[in-house]
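Worksheet: the structure to be examined is printed underneath.
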Amino acid sequence: MFQLTRSVTWQALDRLRDKTTNDRIRDYFTHDPQRFEKMSLRVGGLFLDYSKNHVSDEVLAKLIELADHSALVQRRAQMFSGDIINVTENRPVLHTALRNLSDDPVYVDGEDVMPEITRTREQIKQFSETVRSGEWKGYSGKPIKDVVNIGIGGSDLGPNMAVRALLKYRHPEMHFHFVSNVDGTHIQKVLSRLDPATTLFIVSTKTFSTQETLLNAKTARRWFLENAGDDADIGAHFVAASTNRKAAMEFGIREENVFEFWAWVGGRYSMWSSIGLPIALSIGFEGFIELLEGAHEMDNHFIHAPLSENMPVLMALIGIWYINFIGAETQAIVPYDQALNQLPSFLQQLDMESNGKSVDIFGHPVNYKTGPIVWGQTGSNGQHAFFQLLHQGTRYVPIDFIASLKPEPGMEDHHFALLTNMLAQANAFMEGSQGGSQQDPFSCPGNRPSSTLLLDELTPRNLGALIALYEHKVFVQGVIWNINSFDQWGVQLGKRIAGEISERIDTNAADFDASTQGLLELVRAHF
Ligand code: F6P
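In case it helps, this note's numbering puts the sequence shown at residues 4 to 530.
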């Protein structure tokens, strides 16, 4: 059996870690004036500078060899061509087909799935245009002003993040709300501000069986019936994005308003599907297509660029270096852009649900670290919250800085301050405060790594490329670790036990552990 940590390349990287531990990143620049040019690259409207990483030329070459000797090229081809790479769920992984804007067919079980993707895209087009133009009327004849997406996890985070990121492209008279938490205060707060006559609910759920989403959808329906129309009016105010057409129709949604997608679209990879309906409603169908185009462009880059010039591959390899060789436990994501404030949460699910695995694709336990703890928040806020620990604490935390270059008209001074703050931080993390000794409480040791991703502008296209970039980075890491990045059995376990506990609230659940039973007793007293 192949063992990753016994491979010649892995062992060479282990030795290189020892050899380069005491290197200073800034010395790499002194020794190589071309380092920035060599360690930066552009794909469309995205520019990546990875030169401020604790990675020597020799390390980088070995990391690329690691990718080269892995199953990456083969697995990448399998993913794009619809082979079953989600082995535990026996499914292909085809979010890339959703943004396939070429004429190339994509086959699942011998059948080209592109015609149904195109059909659903057309349905999204018709629907979004009808709603945005005001042609779609609520039960009392008024156009839609508020859209509420009800969904959780992948059925919330992607559209939520993208709608907020692209708020400046939003329909000027429409407002978007996202309800995810089963905590009733979430939906209560949203509903309290809305007029049912002008509100549209999108029930976004791949399975149409997620407890949180179904409960929130029922509460929304009850609110609608209590405050406005009757059962016959549900169809004008509720639509669904789901693979489970039957359950959506049983809920009262008209067949033509169920926006389908397919089992081969993973929840956290689904914003390109009907789950992206709020995005199309917010920025318009053309904008939604631009988002897909950006992702498609990144897909093409990922497929065709050599590994040594491949943006997702490079980001993945640098991450592997920190996780497996330097011992970093976490990866910070710090967008210097308020519009990207949901990006860290989105990437948290993308990465942690995908690569939070400890057995390989054959079910054998792995003897190396896999996915990092992903966290973060926007700069400059983070500077005044957690950056102190990053500068002087005992943890080693690689950082991804993300920003868009183009200022908002009239906000040039703010944008300049924002970007210079980001550059100052990345510089300070690398340089530290020169001159001070390690023991000096004023001294910042520096030598802390970061990458910087610049978007020419935060457009739908560039956002699409950015998200696809991270999707592929996660994929590459999963391939090298030889894990299945596309299942989530841990989450399923939690879902199942939540169901069992609620079913047994009235009975003596003696087969739960004593702690759960004791706590359940306390809960029971309130219901
Ligand atoms: O978080 C786990 C998960 O299964 C995700 O993969 C999915 O996006 C989410 O739950 C919601 O599931 P559904 O879309 O079926 O309601």
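For each residue, glycine too, the CB sits at the ideal point set by N, CA and C.
A Cβ-Cβ distance of about 7 Å is found for the pair R135 and L284, placing them in contact under the 8 Å criterion. With a cut-off of 8 Å on Cβ pairs, the region 465-481 is not in contact with the region 425-433, counting fewer than three such pairs. Here N487 is near I88, since their CB atoms are less than 9 Å apart. Between W492 and T91, the gap from beta carbon to beta carbon is short of 9 Å. Beta-bridge analysis with DSSP links D149 to H178 and T202.
Secondary structure at D26: coil, using DSSP grouped into helix, strand and coil. Closest by C-alpha distance to L317, out of G497, L456 and E289, is L456.
Approximately 4 Å separates the beta-carbon atoms of A331 and Y325; this is inside 8 Å, confirming the contact. N260 is positioned such that its CB atom lies no closer than 9 Å to that of S207.
Counting C-beta atoms within 10 angstroms of its own C-beta, V11 has fewer than 16 neighbours from the protein chains shown and is therefore classed as exposed. Spanning the alpha carbons of Y272 and P410 requires a straight line of approximately 30 Å. For V526, same chain residues with a beta-carbon under 8 Å away, outside a window of 5 residues either side, are I508 in chain order.
Residue burial annotation: M414 is exposed, with fewer than 16 other C-beta atoms found within 10 angstroms of its C-beta. Between the ligand F6P and the CB of V185, the shortest heavy atom gap is not smaller than 8 Å. In its chain, beyond the 5 residues on either side, P338 and L456 have a beta carbon closer than 6 Å to the beta carbon of I405.
Taking all protein chains shown into account, S357 has 16 or more neighbouring C-beta atoms within 10 Å of its C-beta and is therefore buried. Residue environment: D363 is assigned as buried (16 or more neighbouring CB atoms within 10 Å of its CB, all protein chains considered).
By the Cβ test, the region 167-182 is in contact with the region 132-149, since at least three Cβ pairs between them sit closer than 8 Å. For the pair H417 and P452, the Cα-to-Cα distance works out to about 26 Å. In the DSSP secondary-structure assignment, D403 is bridged to I336 and S454. For P463, the secondary structure class from DSSP, reduced to helix, strand or coil, is helix. Distance from the CA of R196 to the CA of P146, rounded to the nearest whole angstrom, comes to 17 Å.
Looking at the backbone, the Cα of I286 and that of E503 are separated by about 41 Å.
Fully contained in the region 84-128 are the following alpha helix (DSSP H) runs of length 4 or more, in chain order: 98-101. In the DSSP secondary-structure assignment, R45 is bridged to F50. By the neighbour-count definition (other C-beta atoms within 10 Å, threshold 16), P448 is an exposed residue. In the structure shown, I278 falls within a helical segment according to DSSP collapsed to helix, strand and coil. Between F39 and K209, the alpha-carbon positions lie close to 44 Å from each other. DSSP assignment within the region 250-312 yields the following whole beta strand (DSSP E) runs of 3 residues or more, N-terminal first: 261-263. Only residues of its own chain outside the window of five on either side were considered, and among them L104, R464 and G467 have a CB closer than 7 Å to the CB of E296, listed in chain order. Put simply, of T202, G157, N384 and M164 the residue whose alpha carbon is nearest the alpha carbon of Q352 is G157. In this model, H57 and S361 are separated by some 26 Å (Cα to Cα). Boundaries cannot be given for F365, as no beta strand (DSSP E) includes it and DSSP labels it neither H nor E. Taking the C-beta atoms as reference points, T216 is found nearer than 9 Å to G154.
I155 has its CB nearer than 8 Å to a heavy atom of the ligand F6P.
The nearest non-hydrogen atom of the ligand F6P is less than 8 Å from the C-beta of R271.
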